[in-house]
Structures are given as C-alpha cells and as structure tokens.
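J.: Residue numbers (the UniProt record's numbering): 1 to 517. Idealized CB from N, CA, C, for every residue including glycine. Quick caveat, the model's predicted, so the values are computed rather than measured.
Here is the structure:
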C-alpha cells in the first residue's frame, strides 16, 4: 500500500500472478481425480522445497565465492609483497656475495704478497743463518786465538807464560784457565795438569784446601776452591746455555799408582767403591782406551764432586819428611761430554796451513806470536779440533774430553827420607814423570816415534798430549831455598813442554757406541 492509501503496482502484480497460478492449477486439475490431484500437489510442494533448498545453497555458494575472491585478492597482494621482498633480499644477497668475492680476491692478492714476502724472508733468513754460521766459526777461531794469546799483556818479554805469586787467589788463576772450557764445547779435547815437587801446592791448585783428617772436597770455602770443582761448575754453566738434552756428561776417576791404573769408581757386589786395577790399550784408530773403566753420568757439579770425593778416599797417600800427606799416585779425573745431533758447522775448522803450538803454565804457559813477516804477526795455530772429521754429518754423537790431572810430586830421595814401600813408590813416580817429559820432548823435536807406552801415565794421557787436545800445565814451585834443585828441575820440565810444536792432526771419526757400566 502507498502512503496515500492506494495499492502499489508491485502488490497488484503479485496478486495477478497468484490468480493466474490458481486458474492454471484449477484448469490442470479439472477432470482429474482426487488422488492424482493430491499427488500433483505433493510433487508441487516437493519442487517448492527443492527450489528453496537450491536457492539457499546457491546463496551459500555465492557467499563462499565472494569470500574466495576476497582471499584471492589478499593472496595476490601478499604474493606481490613477497615478490618485492624477495627481489630486495636477492639484490642485497647478490651485493653481499659480490662484496665477499671482492674481499676474497683482495685477501688472495694479500696472501700471494705475503707468500712472496715470506719466501723472500726465508731466503734472507737462510742467508743470515749462513752468515751466522760463518760468524760462529770466526768466533771459535777468535776465541781459540784469544786463548793462545792469553796473558800476553802481562808478558812484555814474550816468554809465553804467566807467573802467579803467593798472594794471588784461586779466582785469579781460574780466570785464566776458564776460556779453555769454551774450547771443550767447540769440539776440542782439553787437559789441565799440575806439575811440581811434592808439597809445592799441586793438590791445592787442582782441588782446593783439604784437612788432614778429611780429604773430601768442600764447597763451603768457595774462594779457595781449586781448578777441578771450578772447571766443573763452568762446564755445566756452559752446557746450560745449550739446547736441553743436547749434551750429557760422564765422569771417570783413576789413579796411576806404581805404574798401574786403578779405577776409583768401581764397585763390588755390595755397591761399595773400591779401586780395581785396569789396563790401558791402544785402539785400532791409534787412541788410548781403558776397557771396563767405570763411567758415571752426572747432571750437575754437586754430583760430580760427590764422585770425586769417593775417588779421593781411595787415593794412596804416604807421609814423607817433605810432606806429611804426600800423594803417592797421579790422579786423573775425566769428564766425557757427549754432544748429539751435531752438524758440520758445530765445531771449529780444521787448521792445515799453520803449525800449532802449545804452551804450558803456575807459571801458566800460553802461545804467543812467533814470527814477523811483512810487518804482520804470524800466529801459531791451536790444536785441531778432534770433532773435525770426514763426513761429520753422518755422525749422531760426538765426544770431547776434559782431563784434570793432579800429578804426584817429584821427589829427591835424600830429602824426603823415604824407605821401603814409599821408596818404591818414589821410584815409580819419578820414572813416570820422566816418561812424561820424554814424550813432550819427542813431540817438541817432532820425532817419528813418540814413546807413549814407556809409562802407563803417558799411555793414558796420549789423547791429551799427543795432538788432539789443548794442554795446560800449572807448574807449582816451592819458594824455599833448600828446594832450589827441585824447582829448577820443574822449570826444566816447563821449558821442555813450552817448546812443543804440534803438527797437523789426523781427522778423527768418533761415533759413540753404548758403553757397558
């Protein structure tokens, strides 16, 4: 109905439609029976319900399609946004990859530059190392030259020896001896011995003070220590400056008594030390050796001194009119230093064009310039290093020896008043010292035969006085007027020793074999 009370056209149309439907239904039902009419009404109602259901379903499907359209639109927008983000991230990642590649290229160039510099540095280091080895050789040459010219400044007359007065200390004496020990680690054998009449201070010079009741070495009175304990401390100090484990030290202690060699470190079945007689032989290489000699490994000076103390307890002593505690044997303490992993540049060069000279000393004898040619000093060369051998690179271990010798004192029987066993001891002492003098004289005169075997002492010391070592003799002289003859005899020995001129030394080959203790 309209607001003015009239009927709207749509309402009229709907009524007209219902009227027409009723006429059609009526016409369709005319002539039909009631069952058929009821059936048609049922079908009509069913179709109406189906139409309503279909319409409702279509409406739902339409709503679902609208929602799908909205979701598809949202999905499309999300895909566009994702594509834009992916492109942005791709560009960033590509930029980062290109940047990393550039950095790698730069690093590779830097690495190549570094490798080039490292190679140049390696070559430079090799050149420096070669120069270092050459300088080390020169250092050894200069060091040994320094030893040969030791105390020249205190020897204006060129006599080649140094005289120490009674007021000079053990420190002063050892300061002149110490440089020899560096030569020991440079590959030279070194021997230091004290020679003189009985009671002149040889044992004090070599060992230090000893009480009448106790012959052991004491380190409490350090300023009075002798050459043997001081030399040992210096050797271990020098070894401590070397690479750990590159050196080790073995010690033997023997005495030569009545021309027999006794091993003072040999032990019985109970472990007690007692002197065992040994023999000295000449090896096929022409060197002296004592088979079955006891060698003890030591790691410091204290262990060494303890072993020497044991040996001193067994050393033969006998009172005389000259000395109440006269040593009746020659004491020889040997430190054998084994060096492993040596190379050809580890030792001093072999000297071939000069004549070596050895000077002796308490009075301390040393070499000095012998000639002048064209206003240049011609220096005597030192003993060739025993470690200079052919094919030295093939050797694994090299041995050098430091022999420290406290000789028994020479005696005049008339003054010492010895008889019986002591007289026999004196005879053997004097004969062995005379044999030592003969050997030095034969070397000085360059005889073809050197009488090393005339005495067990000279045979034992053959390697030390026969050309393969640096030999230093400390002459101990008594200041008493009544011992003038003995003092002159000692000086005569020193004069003969100072005349030694060593010839060229044969190359040695000393591979170390294991030693049974």
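1) Compare the C-beta of residue 45 with all C-beta atoms of chain D and state if any pair is closer than 7 angstroms.
2) From 456, 497, 455, pick the residue whose C-alpha is nearest to that of residue 474; which is it?
3) Buried or exposed for residue 488, please, with buried defined as at least 16 other CB atoms from any protein chain shown within 10 angstroms of its CB.
4) Count the other CB atoms, across all protein chains shown, that sit within 10 Å of the CB of residue 329; report buried if there are 16 or more and exposed otherwise.
5) According to the neighbour-count rule (16 or more other Cβ atoms, all chains shown, within 10 Å of its Cβ), is residue 481 buried or exposed?
6) Does the distance from the C-beta atom of residue 236 to that of residue 166 stay below 7 angstroms?
7) How about the segment 190-204 and the segment 289-304: do they share at least three Cβ pairs that are nearer than 8 angstroms?
8) Which full runs of the alpha helix (DSSP H) of 4+ residues lie inside the segment 433-477, going along the chain?
9) Hey, out of 437, 469, 248, whose CA is closest to residue 458's CA?
10) What separation, rounded to the nearest whole angstrom, lies between the Cα atoms of residue 408 and residue 136?
11) With a cut-off of 8 angstroms on the beta carbons, I'd call residue 225 and residue 402 a contact; round off their distance for me.
12) With C-beta atoms as the reference, is residue 233 less than 7 angstroms away from residue 181?
13) For residue 184, report the span of its alpha helix (DSSP H) as first-last.
14) From 246, 242, 280, 293, pick the residue whose C-alpha is nearest to that of residue 264; which is it?
15) Which first and last residues belong to the alpha helix (DSSP H) in which residue 230 is found?
16) With a CB to CB cut of under 7 angstroms and the five nearest residues on each side skipped, what residues in its chain are close to residue 499?
17) Identify whether residue 259 lies in helix, strand or coil by the three-state DSSP scheme.
18) Can you tell which of 124, 471, 279 has the C-alpha that lies nearest to the C-alpha of residue 404?
19) With distance defined between alpha-carbon atoms, name the residue in 85, 295, 281 nearest to residue 267.
20) Under 8 angstroms by Cβ, that's how I've got residue 250 and residue 336 pegged, so tell me the actual separation to the nearest angstrom.
21) From residue 477 to residue 246, what does the alpha carbon distance come to, in whole angstroms?
22) From the DSSP output, in three-state form, read off residue 108 for me.
23) Identify the continuous beta strand (DSSP E) that holds residue 406 and give its terminal residues.
24) Would you report the Cα separation of residue 523 and residue 269, rounded to the nearest angstrom?
25) Can you check which of these residues, 68, 78, 169, 177, is closest to residue 161 by C-alpha distance?
26) For residue 192, which option in 479, 484, 469, 483 has the closest C-alpha, if you only look at C-alpha atoms?
27) Would DSSP call residue 194 helix, strand or coil?
28) Quickly, what does DSSP pair residue 189 with across the bridge? List them, please.
29) Could you check where the beta strand (DSSP E) with residue 161 kicks off and where it finishes?
30) Going by beta carbon distance, what residues of the same chain come within less than 6 angstroms of residue 290, once the five residues before and after it are set aside?
31) What separation, rounded to the nearest whole angstrom, lies between the Cα atoms of residue 392 and residue 139?
32) Within 10 angstroms of its Cβ, does residue 108 collect 16 or more other Cβ (buried), or is it exposed?
33) Would you kindly work out how many angstroms separate the C-alpha atoms of residue 39 and residue 16, rounded to a whole number?
34) Along the chain, where does the alpha helix (DSSP H) that runs through residue 203 open and close?
35) Residues bridged to residue 269 by DSSP?
T.: In short:
1) The question asks about chain D, but that chain is absent: this structure has only one protein chain.
2) Ranking the options by Cα distance to residue 474, first place goes to 497.
3) Around the C-beta of residue 488, fewer than 16 other C-beta atoms lie within 10 Å, and the residue is accordingly described as exposed.
4) When all chains shown are included, residue 329 counts as buried.
5) By the neighbour-count definition (other C-beta atoms within 10 Å, threshold 16), residue 481 is an exposed residue.
6) Remark: C-beta atoms of residue 236 and residue 166 do not approach each other more closely than 7 angstroms.
7) These segments do not touch.
8) Runs of the alpha helix (DSSP H) inside the segment 433-477: 456-460, 462-465.
9) Among 437, 469, 248, the Cα nearest to that of residue 458 belongs to 437.
10) In a straight line, the C-alpha of residue 408 is about 40 angstroms away from that of residue 136.
11) Wrong, their Cβ atoms sit about 16 angstroms apart, outside the cutoff.
12) Cβ distance not < 7 angstroms, so residue 233 and residue 181 don't count as in contact.
13) Secondary structure note for residue 184: its alpha helix (DSSP H) is the uninterrupted segment 179-185.
14) Residue 293 is the option with its Cα nearest to residue 264.
15) First-last of the alpha helix (DSSP H) with residue 230: 227-240.
16) These residues qualify, in order along the chain: 444.
17) In the three-state DSSP reduction, residue 259 falls in the coil class, being neither helix nor strand.
18) When 124, 471, 279 are compared, the shortest CA-CA separation from residue 404 is found for 471.
19) Looking at 85, 295, 281, the one whose alpha-carbon comes closest to that of residue 267 is 295.
20) Contact flag correct, Cβ pair sits at about 5 angstroms.
21) Taking the straight line joining both Cα atoms gives about 41 angstroms.
22) DSSP, reduced to helix, strand and coil, places residue 108 within a helical segment of the structure shown.
23) Note, residue 406: beta strand (DSSP E), 397-406.
24) As displayed, the chain neither begins before 1 nor continues past 517, which places residue 523 out of reach and without an answer.
25) Of the listed residues, the one whose Cα sits closest to residue 161 is 177.
26) Comparing Cα-Cα distances from residue 192 to each of 479, 484, 469, 483, the minimum goes to 469.
27) If DSSP states are grouped into helix, strand and coil, residue 194 belongs with the strands.
28) Assignment of beta-bridge partners to residue 189 by DSSP yields 469.
29) If you look at residue 161, you'll find it in the beta strand (DSSP E) that goes 161-163.
30) So the qualifying residues of the chain are 278, 280.
31) Per-residue confidence for residue 392 stands at a pLDDT of 42, beneath the threshold of 50, marking its modelled position as unreliable; the derived number appears in the next sentence. Answer to the nearest angstrom: the Cα atoms are 20 angstroms apart.
32) Answer is exposed; the Cβ neighbour count stays below 16.
33) Distance between the alpha carbons of residue 39 and residue 16 is about 26 angstroms.
34) For residue 203, the enclosing alpha helix (DSSP H) stretches over residues 202-206.
35) None, per the DSSP bridge assignment.
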